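All residue numbers for the sequence shown refer to the numbering used here, where the first residue is 1020 and numbers rise by one. Glycine included, every Cβ here is placed at the ideal spot set by N, Cα and C. Computed from a prediction, not measured in an experiment: that's the story for all the values here.
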Amino acid sequence: MYLKKYTIDMLKRYVLLTIGLLISAGAMATIRFVREDGYPKTGAWSAFTWEDACRDLQAVIDYSGEGDSIFIAEGVYTPAFANYQSYLIHKGLKIYGGFKVGETLDLRRWKEAPAVLDGRFPNGTSNHVIIALDINSKVPLLLDGLTIRNGFAKDTIKTDNVREIAAGYGGGLYSESSTVQLNNVIFSGNDGDYGGGALYMKKSSFELTNVTFNRNTAGVSGAAVFSDASSYKIVNSLFYDNTTLPQVAGGGDGILAVRTGSKSEFFINCTFADNTGSLLHFEKVSSLDVLGNPTFQNCIIKVPEADRTKDLITSSDWGPRNVNTCTFQHSLTNYPLLGINRKNTRNLTGIDSLLLTDNYVPDENSSAINHGNSEFVQGFAEDLAGNERVQKKYVDIGAYETSYKGVISLYFNATRELSSAQNADSLAYGDTVFIWHDGLETFRAQVEGSSFADEEYISVFNSSSDYAAYQGFGSKNIIHVDKINRDDRDGKVRIKVFVTVNGEGEEDNWRIKRLDNVDLEEIILEFKTVQRELSVKIITGGAGNTPYVELGNMIGDKRLEMGIDFYAYWETPADPDRPQKVTIGFANDNYATLVKNVVFVSPDAFQSKKYNEPDPVIAFTSVPAADNFKWEGVLSREKGESTGSYEYVLESLSIKKSIGEDDYVLAMGYKSPRFDIVKSDPEIIWPAKAMVVFGQKLSMATLTAIANVAGDFSFEDSDIVPRLSDSETTEYTYIFTPTDKANYSTLKIKLKVKIIKNDTSLSSLTVSGFSLFPRFSPNRTQYGVLVGKNIKTVSIDAVPGDPTSEIIGRGTQSLYADRQTFSIKVTAESDSTQTYTILVTTDPKDMEQFNITGNEIVQAGLKVYPTVTTGTIYIETADVNTPEVKLYDLTGRLLFGKRENTIDLSAYPKGLYLLQVDGQTIKVTKR
1020 MYLKKYTIDM
1030 LKRYVLLTIG
1040 LLISAGAMAT
1050 IRFVREDGYP
1060 KTGAWSAFTW
1070 EDACRDLQAV
1080 IDYSGEGDSI
1090 FIAEGVYTPA
1100 FANYQSYLIH
1110 KGLKIYGGFK
1120 VGETLDLRRW
1130 KEAPAVLDGR
1140 FPNGTSNHVI
1150 IALDINSKVP
1160 LLLDGLTIRN
1170 GFAKDTIKTD
1180 NVREIAAGYG
1190 GGLYSESSTV
1200 QLNNVIFSGN
1210 DGDYGGGALY
1220 MKKSSFELTN
1230 VTFNRNTAGV
1240 SGAAVFSDAS
1250 SYKIVNSLFY
1260 DNTTLPQVAG
1270 GGDGILAVRT
1280 GSKSEFFINC
1290 TFADNTGSLL
1300 HFEKVSSLDV
1310 LGNPTFQNCI
1320 IKVPEADRTK
1330 DLITSSDWGP
1340 RNVNTCTFQH
1350 SLTNYPLLGI
1360 NRKNTRNLTG
1370 IDSLLLTDNY
1380 VPDENSSAIN
1390 HGNSEFVQGF
1400 AEDLAGNERV
1410 QKKYVDIGAY
1420 ETSYKGVISL
1430 YFNATRELSS
1440 AQNADSLAYG
1450 DTVFIWHDGL
1460 ETFRAQVEGS
1470 SFADEEYISV
1480 FNSSSDYAAY
1490 QGFGSKNIIH
1500 VDKINRDDRD
1510 GKVRIKVFVT
1520 VNGEGEEDNW
1530 RIKRLDNVDL
1540 EEIILEFKTV
1550 QRELSVKIIT
1560 GGAGNTPYVE
1570 LGNMIGDKRL
1580 EMGIDFYAYW
1590 ETPADPDRPQ
1600 KVTIGFANDN
1610 YATLVKNVVF
1620 VSPDAFQSKK
1630 YNEPDPVIAF
1640 TSVPAADNFK
1650 WEGVLSREKG
1660 ESTGSYEYVL
1670 ESLSIKKSIG
1680 EDDYVLAMGY
1690 KSPRFDIVKS
1700 DPEIIWPAKA
1710 MVVFGQKLSM
1720 ATLTAIANVA
1730 GDFSFEDSDI
1740 VPRLSDSETT
1750 EYTYIFTPTD
1760 KANYSTLKIK
1770 LKVKIIKNDT
1780 SLSSLTVSGF
1790 SLFPRFSPNR
1800 TQYGVLVGKN
1810 IKTVSIDAVP
1820 GDPTSEIIGR
1830 GTQSLYADRQ
1840 TFSIKVTAES
1850 DSTQTYTILV
1860 TTDPKDMEQF
1870 NITGNEIVQA
1880 GLKVYPTVTT
1890 GTIYIETADV
1900 NTPEVKLYDL
1910 TGRLLFGKRE
1920 NTIDLSAYPK
1930 GLYLLQVDGQ
1940 TIKVTKR
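This is the structure:
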């Protein structure tokens, strides 16, 4: 801490400034400043500059008037140093965080200088980091540029011993009967035993802009937000990695929760991703209660794959509340069903891949780009990252804006389940290939196979010269199919569909891509000739009992022409092994002749092996099934061992002569099968558990893991600082990422972590029968004891702050000299050490180094020392109770009044003061 030199003139100026501020409070708001190394709470009244800043935020809040501003410098601030303490706010203030010392509001870069309000501190955890009560709607509370973390809400508490706060709600921020605005705020690691892990609002009104919720939890409902008879609007905000874990029978769910009487809930350009629990949970107290209709506009909702078949919206016993009771507009989600509510408009649903980066920003191929409704974001100039909100003609969906062009994806789909056709690689008789896009209106180009009797084998249909798709919320044409051409060559039919972006200036806003994210201006489809699996049925009938063939499909690499021999086998009469000669009638004067049975053989599709493992035996299938046949031959892969897909070629094939090979024809199926080499799993010796020192991140954990390939081991959330309560109970994801990602898989396990304590402090230190100077404090390591010259031994007792720590040096010690120093060494479980020293002396002059000069006053069971000091005065009473202490200056003005055992005069000017303790008055001097 820096020291401030007060003069009489300075004090006069502060007094005049304070009077002037009181007189003009209605005309001009005051700014007070807070910094980690500022003055104690006694300096809060004068914290009008960065130089005069106070370190006690609660004291500054208490001194500030309605409409005042508070600037908080970079640092970590805790509500108090005991359990169940919170920052309590009763009035409309403007609290800004994220300053470098000396910065003004217009120069502030809050993300580079985080101001953290932390609910976890050495001696406990706050029960709510912030409590806001009864704040007038005309002068709302504004929180801007703050990180609120590690809050915990469990027990019922009373604020100022008057207002009772409900148990288990609002670990980060608890609001009741208040109007609040949140800008640029991060809620992280907060927990609500029941609900509202990050934020709980009761009978309140909230506006949230650019707010991030991550790693917040709730036991029943609303890991991030719980609205109880409140209204709110949330814009440009991100919700990720939040978890709701119901713990009671019939309990709730939901990252968001809405209770009775909540009437207006709007989510605009928000992103929800990687959360555990439903999106929103409705909770009624009784069957007569009325709930609102939450609205999601321009939002990204990413649901874990395992939850896509579960309810997106859940409710309590007095339901039902589901997706049909919410409104979704211009939103993007991988959830397949958003209900039938007629208010639901222009949503992109069931998208397999939302194409978001690890930071939840849309990548350049995402459907989130340009598909939002710009009308919803009027008045909001920036996105969550501080970038311009609308950068093209149309706004993006989600919390982040990009400068990319919007994408219109074109897909291929067949009317029948033919894998080859779906890959646009072949087309069968009667099948249709549709070219369609992911927009919100109809657009189709159509390609169909023709009948056998037709001269054309693949036909192209384009009933209109203009196919149009439409922008998400308008009716303006964006893409145009100019023409569809056909080109036959190399035994294949090649179809070209020419597609362009049209409209005034729309080429600057949109681009067209294929499913594989390749930009294009034309779609080229190549088809082999008509192909079918073999299906021949022989029918007897007609004159002379002549058998005929009903041809259902065909197989081969060329069209079935009239008059050629077609090989099949006779299914009737009873002896199917006896070859028959059959006339096949296509037309009256065209015939085909059956002379042998035909067996079609193909290697099975989708065969594979793992990288660097031996090739397996290739499996074959015959049509018809021929178990007695034996093929001799292999499929040789093209050279290469990297992962991927390789074509196999049949080298040889034969059958046993014993079954009459002259009666059969062996033919290779039309398929050209491919063999896949897939990634291998590395061989890893995983650790049973890890160890980390309390207060350190997972990235600093000690553990040993070995892999048979090069790569890196790391925790998935390496920045997490585990709590002591998590030791050997909570599991964390430990990942091995191979260097060769192309050929080896990334593997994960769940790993428990042992938390090793690092507390080297003492909770008490005494010398039996003697006074310790100065009075013991865990943060002070040097002390003195004054003894008589006839004393030969002293008994030292020390108690560690953590029971697991070891202590060396306590017990009875012999005195061999008039001045002797003893050491007490504390060793923590982590092997960190700290040494406390006690100087035992018979000379009072040795005590001056401890700020004890012998100037003490003892009267009527009261001991005050030192009476001349530069800083702290200690007060001891005979009954060991904390006395009531008041400090006056020589004019009789009360400067301090509270029950304390110490008085800190470091912030006061030099001079003489009157100290009144339990009715007794003592003169003390600040030098």
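When DSSP reads this structure, residue 1273 sits in no beta bridge, so it has no partner.
CA-to-CA, the gap between residue 1635 and residue 1661 works out to about 16 Å. In terms of Cα proximity to residue 1333, the closest of 1317, 1350 and 1300 is 1300. Shown here, residue 1078 sits in a helix according to DSSP, grouped into three states.
Contact between the region 1750–1764 and the region 1726–1738 is established, with three or more Cβ pairs separated by less than 8 Å. The C-alpha of residue 1788 lies about 10 Å from the C-alpha of residue 1806. For residue 1088, the enclosing beta strand (DSSP E) stretches over residues 1088–1092. When the five nearest sequence neighbours on each side are left out, the beta carbons in the same chain lying within less than 6 Å of the beta carbon of residue 1278 are those of 1247 and 1302, in order along the chain. Residue 1108 is classed as buried because its beta carbon has at least 16 other beta carbons within 10 Å across all chains shown. Fewer than three pairs of CB atoms, one per stretch, sit closer than 8 Å, so the region 1364–1377 makes no contact with the region 1214–1226. With contacts defined by Cβ atoms closer than 8 Å, residue 1190 and residue 1217 form a contacting pair. By the neighbour-count criterion, in which 16 or more other beta carbons inside 10 Å mark a residue as buried, residue 1387 falls on the buried side. Spatial neighbours of residue 1194 in its own chain (CB-CB distance under 6 Å, excluding positions within 5 residues in sequence) are listed in chain order as 1151, 1220 and 1223.
The shortest C-alpha to C-alpha distance from residue 1290 to any of 1415, 1249 and 1933 is the one to 1415. With 16 or more other Cβ atoms inside 10 Å of its own Cβ, residue 1060 counts as buried. Distance between residue 1792 and residue 1707, taken at the CA atoms: about 49 Å.
Straight-line spacing of the CA atoms in residue 1900 and residue 1912 works out to 26 Å.
Around the C-beta of residue 1849, 16 or more other C-beta atoms lie within 10 Å, and the residue is accordingly described as buried. When the five nearest sequence neighbours on each side are left out, the beta carbons in the same chain lying within less than 7 Å of the beta carbon of residue 1327 are those of 1353, 1354 and 1355, in order along the chain.
DSSP places residue 1935 in the strand class (E or B) of the three-state scheme.
By the 16-neighbour rule on beta-carbons within 10 angstroms, residue 1868 is exposed. Proximity of the region 1859–1868 to the region 1881–1892 falls short of the contact definition, fewer than three beta-carbon pairs being nearer than 8 Å. Within the same chain, Cβ atoms closer than 6 Å to the Cβ of residue 1117 are found at 1127, 1129, 1132, 1134 and 1164, the five residues on either side in sequence being excluded.
In this structure, the straight-line span from the alpha carbon of residue 1145 to that of residue 1206 is close to 15 Å. With fewer than 16 other Cβ atoms from the protein chains shown falling within 10 Å of its own Cβ, residue 1377 counts as exposed. Boundaries cannot be given for residue 1173, as no beta strand (DSSP E) includes it and DSSP labels it neither H nor E.
Of the residues 1344, 1200, 1119 and 1120, the one whose Cα lies closest to the Cα of residue 1155 is 1200. If you ignore the 5 residues before and after residue 1048, its C-beta comes within less than 7 Å of the C-beta of 1086, 1087 and 1088, all in its own chain and listed in chain order. The straight-line gap separating the alpha-carbon atoms of residue 1369 and residue 1055 is approximately 49 Å. By the criterion of a C-beta distance shorter than 8 Å, residue 1153 is surrounded in its chain by 1109, 1195, 1196 and 1197, once the five residues flanking it on both sides are discounted. Taking all protein chains shown into account, residue 1727 has fewer than 16 neighbouring C-beta atoms within 10 Å of its C-beta and is therefore exposed. Counting along the chain, the unbroken beta strand (DSSP E) around residue 1184 starts and ends at 1182–1184. Under the three-state reduction of DSSP output, residue 1342 falls in the helix class. Collapsing the DSSP output to three states places residue 1701 in coil. Bounds of the beta strand (DSSP E) holding residue 1819 are 1812–1819. A Cβ-Cβ separation of about 5 Å places residue 1626 in contact with residue 1694 under the 8 Å criterion.
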